[in-house]
Amino acid sequence: MHMADALLAPAVAATMYVASGAATGISINKIRKEDDSKKIPTMAVTAALVFAGQMINYTIPGTGSSGHMCGGMLLSALLGPEAGFLSMVVILAIQCLFFADGGLMALGANCWNMAFYGCFVGYYLIWKPIMRSKWFGGMEKKAAARLKIMIASILGCVLTLQLGAFSVVLETTLSGITELPFKAFLLLMQPIHLAIGLVEGLVTSAVLLFVFESRPELLGEVDCDNLGLTQKRSLKTTLVILAVVVALVGGGLSLFASSNPDGLEWALFGNAEAGYSENMGLDEDDFGIKSDAADKAEEIQEGIAILPDYGFKDSDSAAGTTVSGLVGSAAVAVFTLLLCMLGRFFKHRKAK
Amino acid sequence: MIRFDHVSIEYEKGKRVLDDISFEIRDGESVGLIGANGAGKSTVMKSLLGLIPHEGSITVDGLEVYKENLSQVRKKLGLVLQNSDNQMFMPTVLEDIMFGLLNYGMSREEAEKKADGILSKLGLEDLKYRHNHKLSGGEKRMAAIATVLAMEPDAVLMDEPTSALDPYNRRIIIDTIRGMNITKIITSHDLDMIMDTCSRVILLSGGRVAADGDADVILRDKELLESKRLELPLSLQTR
Amino acid sequence: MIMTCFVLLYTGMEKIDAAVAELREMDDLAALESPVHSLHPLAKLLTTFIYIFVTVSFDKYDLSGLIVMLVYPVLMFQASGIKMSTCFYKLRIVLPLVCAVGLFNPFFDKAPMLSIGALTVSGGVISMITLMMKGVFSLMASFIFVSTTSLDAICAALRKIHIPSVIVTLLLLTFRYVTVMMEEVSVMTTAYMLRAPGQKGINYKAWGSFLGQLLLRSMDRSEELYSSMLLRGFNGEFSYADVPKGRLADWLFTIAASVLFFVFRYVNVAELLGNIIMRG
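Heads up: the sequence lines are chains A, B and C, in that order.
Going by this note's numbering, the first sequence opens with residue 1, and the numbers climb by one from there.
Going by this note's numbering, the second sequence opens with residue 1001, and the numbers climb by one from there.
Going by this note's numbering, the third sequence opens with residue 2001, and the numbers climb by one from there.
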């Protein structure tokens, strides 16, 4: 969702700088008031971790798209919304400065789209009310907290990503950059970010649940004293619940370390990249439809496919993937050949 | 200068990590703190720095390790962590050495002069402007020691100073430790290094002091060491 | 199967390791010496901002006006001795999105704008090209800034313009630990992949524990970090490297460059030049 400088008119970029600057100012004030000198190192290390964690992409099967964990919800649940926001700002600044991911002038807009919604809206409108609510009152306290964490993170990620995507569309359109009608652009962006938000929500909830099981005191708005934390039985239950949700959402989503373009690019490019779905190891027409032919095809594909998505270093292009596919096949051929020879070699030895 | 008087620590109720520990370390002494994993070595270190609450009394130079005294106590102590990355948080070695000095109100020129002094004393002049994330393991450890020594602490705590170093760098660290004329507390599983650097050894086991005495005696006591899940230093092992 | 394993390792770590390499490369570039490197960081930052501001403010059909803006980054690259090709490596991130947004323009904006002989170029095509150029130009400008200025200098400059110390300190510390954390993620991915051959990635059952473990460990790490800061007298305030006072030349550079940018913005130098050549 990182916007480049070229996508924004100066006036829009400046407005977003002011907005994000105000949010930053408020956050800094809050942190200063807390006057906890331990907060800064904790924020820095956590931010660095989220930065590294974002490098793992979560591919959504069937779309060829992938979203990275944005981290806003995660950071604000762990550090509080203000500290979370500042950490996100720093992450975005480093991405912008050293990786050209998002422009220098677009930093204000990027902070707003990705950090503000995730941290402030996500925390105050979703995380806090849900964690404080009396939902699932009939259940055992810990199980209820677990469910609340799940719902809050999934709902939070979906909502904040929708808001972010909407803002990207709004900002680009206001800047007069694209001739694409607002409505069409919106229709391209929102659904894709719905899927990304769901995946991000699942990942975020999985991480937060893990933290909840091991160190609940780290999470904001979780009432540790009333949980009776001595009992430790139901990581399994959680996993089952999680599994059900996962099944509902995507029919067995799994996480790939992938090099797919992220959702914004996908929304704009569509699935136009030739051979993309094949390279993903997914047959789009057959996806989700169980037929003998599809099963068979899948079997064959599994048999011969080396690995779905790898290209030459840093080449995401279809060409790169095909070339690497060829090279990979050749390598496997050589390798199997070597294996065959090795097998014979051993036989000879034994025979001696 | 450092006194532990009937110190006990519990992380969770009923689970004592340190159980009624008492010892005293005199000025200028080099003490090896040894024991199996989970014996309580790092807890001793942490409690000394006032990072975890304790029962009993811990004093540094007569100062009780307690909230009001913490900044004074900490001023007297230096800590070299096992993972140097965790203590080298500034961009360059120079900035890192100067960090503490500036915090204690030294001017920039003074601090840099001091940093130069400590770097040349340790033979690390080349590292001055290097970036911390580009140092090798051995360089990082030496630089970390420099940052601590620059503060001129009365006592240095070192957590596994020779772990994950090659023999050459390990030797450099050992020589450096031997050259430091201050109170030293060193925890390590590298008993050969303890032998080379410490005159006294405190052996911890299950949160209690199992033995306290001359390094030469304890580190040669095969039965004692093995009963506490340790072994004789390699150089003393005969096949 | 061993092969699959290997390939998995490669893809799993590639991204992270490439990023670490990229960071180190930027670091090396910033350590070089040149007239551009020695410019005051604040002067450079300001000039870069003004450049990008002016560049993106060009009208979407003003192709000839915009093209002149290329002069600044090219000159800077030449003066700094940094190869332009190192920067185009980063275009892979900027361009796809910019192109994608621009690609729709030719379809929606078909009004003819320019005809060269029989060839008619629509407004959409021109606005698409200017958009891409804006993307490339602003990338070049920010790249030249970052690759000739170390992060410490940037932070010192930020403090000079009164960006609050909380955020600058955070930036400095986070950057310090980014490489450390990336290495940890990389190692963990390797360890996971080696024990899960044939899996395309991390199973959803391990989603939480994978990142969660790291998270808890990093909390312990920050604890250690904090204690070692306390031991060196940390009281919540950081002191920064002194930035040398800006020389007159630094500010002259910023002023001259900015004036030039605005001249380029309001006077179509390319057209002027064209006219002169045509007349001559």
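Here a beta-carbon is modelled for each residue, glycine too, at the ideal position from N, C-alpha and C.
None of the values given here were measured: they were computed from a predicted structure.
(1) Can you check whether the CB of residue 1077 of chain B is closer than 7 Å to the CB of residue 1144 of chain B?
(2) Nearest to residue 1048 of chain B by CA position, among B:1066, B:1038, B:1035 and B:1235, is which residue?
(3) Please list, in chain order, all residues of the same chain as residue 2155 of chain C whose beta carbon is under 7 Å from its beta carbon, the five residues on each side excluded.
(4) Quick check: is the beta carbon of residue 2173 of chain C nearer than 7 Å to any beta carbon in chain B?
(5) Between the beta-carbon of residue 145 of chain A and the beta-carbon of residue 2177 of chain C, is there less than 7 Å?
(6) My output table needs one value for residue 50 of chain A: the three-state DSSP class, helix, strand or coil.
(7) If we count the other Cβ atoms within 10 Å of its Cβ and call it buried at 16 or more, is residue 2028 of chain C buried or exposed?
(8) Counting only the same chain and skipping the five closest in sequence on each side, list residues whose C-beta sits under 8 Å from that of residue 1091 of chain B.
(9) If we count Cβ pairs, one from each stretch, closer than 8 Å, do we get three or more for the region 1029-1044 of chain B versus the region 1185-1196 of chain B?
(10) Report, in whole angstroms, the separation of the C-beta atoms of residue 1142 of chain B and residue 1124 of chain B, which I expect to be a contact under 8 Å.
(11) By DSSP's criteria, residue 1052 of chain B is part of a beta bridge. Which residues make up the other side?
(12) Along chain C, in chain order, which residues have C-beta atoms closer than 7 Å to that of residue 174 of chain A?
(13) Are the beta-carbon atoms of residue 73 of chain A and residue 118 of chain A separated by less than 7 Å?
(14) Going along chain C in order, which residues have a C-beta closer than 9 Å to the C-beta of residue 160 of chain A?
(15) With a threshold of 7 Å on Cβ separation, who are the neighbours of residue 1313 of chain B within its own chain once the five nearest residues in sequence on each side are excluded?
(16) I'd like to know whether the C-beta of residue 4 of chain A is nearer than 7 Å to at least one C-beta of chain C.
(17) How about residue 2146 of chain C and residue 97 of chain A: are their beta carbons less than 7 Å apart?
(18) How long is the line joining the alpha carbons of residue 340 of chain A and residue 149 of chain A, rounded to whole angstroms?
(19) Residues of chain A with CB under 7 Å from residue 2303 of chain C, in chain order?
(20) Identify every run of the beta strand (DSSP E) within the region 1107-1160 of chain B, keeping only runs that are complete inside it and at least 3 residues long; order them along the chain.
(21) Output needed for residue 16 of chain A: all residues of its chain with C-beta closer than 6 Å, excluding positions within five of it in sequence on either side, in chain order.
(22) To which residues of the same chain is residue 2123 of chain C closer than 7 Å at the C-beta, ignoring the five residues directly before and after it?
(23) Please list the terminal residues of the continuous alpha helix (DSSP H) segment that includes residue 1211 of chain B.
(24) Enumerate in chain order the residues of its own chain whose CB-to-CB distance from residue 2133 of chain C is below 6 Å, with the five nearest sequence positions on each side excluded.
(25) Please name the residue in C:2273, C:2277 and C:2045 whose C-alpha comes closest to that of residue 2068 of chain C.
(26) Can you look up residue 21 of chain A in the DSSP assignment and give me helix, strand or coil?
(27) Just confirm the distance between the C-beta atoms of residue 214 of chain A and residue 2216 of chain C, as a whole number of angstroms; I'd bet it's less than 8 Å.
(28) Return the chain-ordered list of same chain residues with a C-beta closer than 8 Å to the C-beta of residue 2032 of chain C, the five sequence neighbours on each side being excluded.
(29) Given a limit of 9 Å on CB to CB distance, which residues of the region 196-223 of chain A reach chain C?
(30) Of the choices C:2174, C:2209, C:2219 and C:2144, whose alpha-carbon is the least far from that of residue 2038 of chain C?
(31) Indicate whether the contact test is met: 3 or more Cβ pairs, each with one atom in the region 1218-1237 of chain B and one in the region 1190-1197 of chain B, closer than 8 Å.
(32) Could you have a look at residue 1011 of chain B and say whether DSSP puts it in helix, strand or coil?
(33) Determine the chain B residues that contact residue 2239 of chain C at a beta-carbon separation under 7 Å, and present them in chain order.
(34) Evaluate residue 1082 of chain B with the Cβ neighbour count: other Cβ atoms within 10 Å of its Cβ, from every protein chain shown; 16 or more gives buried, anything less gives exposed.
(35) Taking the C-alpha atoms as reference points, what is the distance between residue 273 of chain A and residue 40 of chain A?
So, from the data block:
(1) No, Cβ-Cβ distance for residue 1144 of chain B and residue 1077 of chain B is not below 7 Å.
(2) B:1066
(3) Closer than 7 Å at Cβ, skipping near neighbours: 2168, 2171, 2172 and 2240.
(4) yes
(5) No, the pair does not count as a contact, with Cβ atoms beyond the cut-off.
(6) Look at residue 50 of chain A here: in three-state DSSP terms it is helix.
(7) exposed
(8) 1131 and 1132
(9) yes
(10) 6 Å
(11) Note: residue 1052 of chain B sits in no beta bridge, so no partner.
(12) Here the premise fails: no neighbours, minimum Cβ distance about 13 Å.
(13) yes
(14) Residues of chain C passing the Cβ test: none, with the nearest at roughly 19 Å.
(15) Residue 1313 of chain B lies beyond the stretch modelled for chain B, which goes from 1001 to 1239, so this question has no answer here.
(16) yes
(17) yes
(18) Annotation note: pLDDT 40 at residue 340 of chain A (below 50); position unreliable, coordinate value reported separately. Rounded to the nearest angstrom, the two C-alpha atoms are 53 Å apart.
(19) Nothing can be reported for residue 2303 of chain C, as the shown portion of chain C is limited to 2001 through 2280.
(20) List check, beta strand (DSSP E) in window: 1155-1159.
(21) 108, 109 and 112
(22) 2061, 2109, 2111 and 2113
(23) It is not in any alpha helix (DSSP H) - residue 1211 of chain B instead sits in the beta strand (DSSP E) that spans 1208-1214.
(24) Sequence-distant Cβ neighbours of residue 2133 of chain C in its own chain, meaning closer than 6 Å and more than five residues away, are 2066.
(25) C:2273
(26) Three-state DSSP puts residue 21 of chain A in a helix.
(27) 6 Å
(28) Excluding five sequence positions before and after residue 2032 of chain C, the CB atoms of its chain that fall closer than 8 Å to its own CB belong to 2080, 2081, 2082 and 2148, given in chain order.
(29) 202, 203, 205, 206, 207, 208, 209, 210, 211, 213, 214, 215 and 218
(30) C:2144
(31) In short, these stretches touch, since the Cβ pair count reaches three.
(32) strand
(33) 1102
(34) buried
(35) With a pLDDT of only 38 at residue 273 of chain A, under the threshold of 50, the placement of this residue in the model should not be trusted; the figure read from the coordinates follows. Distance between the alpha carbons of residue 273 of chain A and residue 40 of chain A is about 44 Å.
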